[in-house]
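In terms of this note's numbering, the sequence shown has 298 at position 298, counting the first letter as 1, and numbering is strictly consecutive.
Take a look at the structure below.
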Amino acid sequence: MLNGERLIAKPYRWAMVGGGRTGNVGYKHRIGALRDNTAFELVAGAFDIDAERGKDFGTNLGVDPSRCYADYKTMFAEEAKREDGIQVVSIATPNGTHYEITKAALEAGLHVICEKPLFFEEEEGIEIKKLAEEKGKIIGVTYGFSGHQLLLQMRQMVENGDLGEIRMLDLRYTHGFNATDTESANASQKWRVDPKVAGKAFVLGDISTHTYYMSRLICPELKVKELLCDRQSFIKSRAPMEDNAYVLMHYENGAVGRMWASSVNAGCMDGHRIRIIGSKASVEFSDHQPNELLYEIQGQPPQKLIRGMSYLYDECNADERLGALHTEGLGESWANIYLKFAVAMDAKDRGDEETLKNLVYPGIDAGIEGIHWINTCVKSADEGAVWVKF
Ligand code: NAD
């Protein structure tokens with residue numbers, strides 16, 4: 001169980017690029033990083049593309065105004081001159097900027113926590129992985145839902161054979177918030193359907209990368225062998241950026257799967273679900289009910305497994321914070337991920353490879369696999385919804 005006591009000797013001096021006042025995701029990073037004030041302290045930022053607004057915002061967060069910078073290049077250069085300069089930066093800017101900012105941060109000697117989708121091309125991921133290794137730095141990728149500890153319960157259930165042999169993965173991340181042409185009036189949505197800024201895909205990258213990573217977290221032994229993707233743009237002006245996609249998967253061990261990614265599932269508030277089906281039983285997680293798992297054993301009444309209870313696996317309860325009497329949610333999930341980033345960075349800085357080997361968190365490989373997922377889906381769809389090797 002986590003209670004905020006320090007897991008590392010000193011909090012990391014942390015900065016953000018992006019995540020400013022108008023940004024969607026910035027607050028989730030701060031909730032995650034600052035939940036345990038023993039892991040990170042926010043000391044600097046280039047929070048906004050609008051320098052003045054960024055400075056005002058950072059100052060309102062309590063950051064020293066002289067460390068609220070106009071842009072990330074100035075921040076990296078100025079902070080490098082200080083004895084108490086930043087040690088790690090989080091990148092919460094639109095997709096098309098991730099690669100150049102990550103590269104600059106590594107070259108400035110910083111650990112990096114970057115938003116998904118990590119970059120556009122796998123080659124960029126491989127190059128950055130090599131650079132991070134040379135510099136002895138950690139790259140964390142904020143698959144922010146993956147810190148829900150019940151996912152670790154699912155992982156242990158799969159590993160221990162509670163479900164039998166895994167046959168099917170039913171993955172879904174859908175909502176209806178883009179059922180109309182929302183981009184005309186919303187800057188955050190506008191770049192998401194612009195390939196120059198968002199990359200080759202919309203919902204496949206924006207939402208299904210999360211679900212894909214979570215499925216890999218739960219079933220690390222299951223590797224996709226080939227997939228078939230069909231994608232559509234129901235709001236025609238979005239084409240070729242899909243607002244709906246169906247993906248069929250064949251896994252190497254004979255299991256099969258499907259992913260439905262959609263932001264035009266009208267009326268759906270949050271349809272983010274993962275159901276793992278084995279030969280004996282199934283287990284299901286819903287992002288909207290992160291305090292319980294549906295566990296169904298063939299021939300028995302369905303069960304709800306409740307977060308924080310002692311009947312759960314230790315690996316799951318290690319990330320418990322509040323106890324079963326109280327609800328936890330997305331804030332705790334982000335905090336769990338950020339805490340693992342801090343532990344990973346600390347282990348890397350101390351040369352503790354043993355800790356790193358055993359730590360489960362979304363790192364550079366998960367980021368590269370996310371790019372591979374998006375690009376393979378797009379390739380399949382654009383070749384006419386055909387099976388392609390993964
Ligand atoms: P947004 O458009 O709402 O906000 C982007 C922020 O970055 C703004 O504050 C903007 O001023 C700032 N910005 C843009 N370019 C900048 C630059 N060069 N330097 C400094 N600041 C800059 O975008 P968003 O919805 O917050 O998405 C940002 C990233 O986070 C995207 O990659 C997106 O895919 C990802 N995201 C992840 C999650 C998640 O759950 N992990 C959720 C939402 C978004």
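No residue lacks a Cβ here, since even glycine has one placed at the ideal position from N, Cα and C.
Leaving out five residues before and five after residue i in sequence, what residues of the same chain have Cβ atoms less than 7 Å from its Cβ?
{"i": "Ala193", "result": "In the sequence on display, residue 193 carries Val and not Ala. Cβ neighbours of Val193 beyond the five flanking positions: Glu183, Phe202, Arg238 and Met241."}
{"i": "Gly105", "result": "Reading the sequence as shown, one finds Ala at residue 105 and not Gly. Phe76, Val89 and Val112."}
{"i": "Thr59", "result": "Pro65 and Cys68"}
{"i": "Ala324", "result": "Ile306, Arg307, Gly308 and Met309"}
Who are the near neighbours of residue i in its chain, counting only those whose CB is closer than 8 Å to its CB and skipping five residues on each side?
{"i": "Leu163", "result": "Met157, Ile276, Ile277, Gly278, Ser279, Lys280, Ala281, Ser282 and Val283"}
{"i": "Thr38", "result": "Gly4, Glu5, Arg6, Leu7, Ile8 and Pro11"}
{"i": "Ala187", "result": "Thr22"}
{"i": "Ile126", "result": "Ile368"}
{"i": "Thr74", "result": "Ala46"}
Pick from the options: whose alpha carbon is nearest that of residue i?
{"i": "Gly140", "options": "Ala80, Ile128 and Leu150", "result": "Ile128"}
{"i": "Ile371", "options": "Glu121, Ile8, Tyr338 and Ala104", "result": "Glu121"}
{"i": "Glu369", "options": "Tyr69, Ile274, Arg13 and Pro117", "result": "Pro117"}
{"i": "Asp230", "options": "Leu204, Met214 and Leu325", "result": "Leu204"}
{"i": "Lys10", "options": "Thr376, Lys389, Ala381 and Arg350", "result": "Arg350"}
{"i": "Ser233", "options": "Val256, Leu222, Thr180 and Ile274", "result": "Thr180"}
{"i": "Ser262", "options": "Glu226, Ser208 and Leu228", "result": "Ser208"}
{"i": "Glu78", "options": "Arg53, Glu252, Ala108 and Lys103", "result": "Ala108"}
{"i": "Ser380", "options": "Asn291, Ala366 and Ala245", "result": "Ala245"}
{"i": "Lys236", "options": "Asn178, Leu217 and Gly254", "result": "Asn178"}
{"i": "Arg82", "options": "Arg273, Ala70 and Ser66", "result": "Ser66"}
{"i": "Trp14", "options": "Ala51, Arg307 and Cys68", "result": "Cys68"}
{"i": "Thr327", "options": "Arg258, Ile337 and Gly308", "result": "Gly308"}
{"i": "Asn291", "options": "Gly257, Leu322 and Glu315", "result": "Leu322"}
{"i": "Arg258", "options": "Gly367, Ser188, Leu171 and Asn336", "result": "Leu171"}
{"i": "Ile337", "options": "Gly20, Ile31 and His250", "result": "Ile31"}
{"i": "Ala266", "options": "Asn60, Thr74, Arg35 and Asp243", "result": "Asp243"}
{"i": "Asn358", "options": "Glu320, Leu325, Glu315 and Lys130", "result": "Glu315"}
{"i": "Glu115", "options": "Arg155, His29 and Ile166", "result": "His29"}
{"i": "Asp50", "options": "Arg155, Tyr213, Ala70 and Ile306", "result": "Ala70"}
{"i": "Ser146", "options": "Tyr212, Ile166 and Thr74", "result": "Tyr212"}
{"i": "Ser215", "options": "His148, Thr74, Ala80 and Phe119", "result": "His148"}
Round the Cβ separation of residue i and residue j to the nearest angstrom and send it over; I've been treating them as touching at under 8 Å.
{"i": "Gln153", "j": "Tyr313", "result": "6 Å"}
{"i": "Lys200", "j": "Val378", "result": "5 Å"}
{"i": "His210", "j": "Met269", "result": "16 Å between Cβ atoms; not a contact."}
{"i": "Val25", "j": "Ala92", "result": "5 Å"}
{"i": "Trp260", "j": "Gly144", "result": "Incorrect: roughly 20 Å between the Cβ atoms, too far for contact."}
{"i": "Ala46", "j": "Tyr27", "result": "So it is not a contact: roughly 17 Å between Cβ atoms."}
{"i": "Leu248", "j": "Leu217", "result": "With 8 Å as the limit, Leu248 and Leu217 do not qualify as a contact, their Cβ atoms being about 21 Å apart."}
{"i": "Val386", "j": "Thr376", "result": "Actually they do not touch by this definition, with Cβ atoms about 12 Å apart."}
{"i": "Leu169", "j": "Cys219", "result": "7 Å"}
{"i": "Glu124", "j": "Tyr99", "result": "5 Å"}
{"i": "Gly250", "j": "Lys225", "result": "The sequence shown places His at residue 250, not Gly. So it is a contact: roughly 5 Å between Cβ atoms."}
{"i": "Gly54", "j": "Gly20", "result": "5 Å"}
{"i": "Pro302", "j": "Leu294", "result": "6 Å"}
{"i": "Leu401", "j": "Asp36", "result": "This structure does not reach residue 401, given that the chain is present from 1 up to 390, and the question cannot be answered."}
{"i": "Trp191", "j": "Ala198", "result": "6 Å"}
{"i": "Leu61", "j": "Lys103", "result": "Not confirmed; about 26 Å, so no contact."}
When you measure from the CB of residue i to every non-hydrogen atom of the ligand NAD, does any distance come out below 8 Å?
{"i": "Gly329", "result": "no"}
{"i": "Trp191", "result": "yes"}
{"i": "Arg21", "result": "yes"}
{"i": "Gly54", "result": "yes"}
{"i": "Phe47", "result": "yes"}
{"i": "Thr97", "result": "yes"}
{"i": "Val112", "result": "no"}
{"i": "Asp287", "result": "no"}
{"i": "His210", "result": "yes"}
{"i": "Lys103", "result": "no"}
{"i": "Ser188", "result": "yes"}
Can you give me the C-alpha to C-alpha distance between residue i and residue j, rounded to a whole angstrom?
{"i": "Val264", "j": "Asp64", "result": "42 Å"}
{"i": "Phe341", "j": "Phe285", "result": "24 Å"}
{"i": "Lys304", "j": "Asp56", "result": "47 Å"}
{"i": "Thr142", "j": "Asn95", "result": "13 Å"}
{"i": "Ala318", "j": "Gln298", "result": "29 Å"}
{"i": "Ala255", "j": "Ile374", "result": "21 Å"}
{"i": "Leu330", "j": "Glu383", "result": "37 Å"}
{"i": "Ile274", "j": "Glu52", "result": "42 Å"}
{"i": "Ile101", "j": "Val17", "result": "8 Å"}
{"i": "Asp365", "j": "Glu252", "result": "19 Å"}
{"i": "Gly161", "j": "Asp352", "result": "31 Å"}
{"i": "Met1", "j": "Pro195", "result": "43 Å"}
{"i": "Gly367", "j": "Glu296", "result": "32 Å"}
{"i": "Asp206", "j": "Glu41", "result": "28 Å"}
{"i": "Pro362", "j": "Glu221", "result": "16 Å"}
{"i": "Asp48", "j": "Arg167", "result": "46 Å"}
{"i": "Gly136", "j": "Phe390", "result": "30 Å"}
For residue i, is the beta carbon positioned less than 8 Å from some heavy atom of the ligand SAM?
{"i": "Val25", "result": "With respect to the ligand SAM, the structure shown offers nothing to examine, as its ligands consist of the ligand NAD."}
Short of 6 Å in beta carbon distance, which residues of its chain neighbour residue i, apart from the five on each side in sequence? Order them along the chain.
{"i": "Ile138", "result": "His111, Ala344, Met345 and Lys348"}
{"i": "His272", "result": "Tyr173 and Asp287"}
{"i": "Glu332", "result": "Arg321"}
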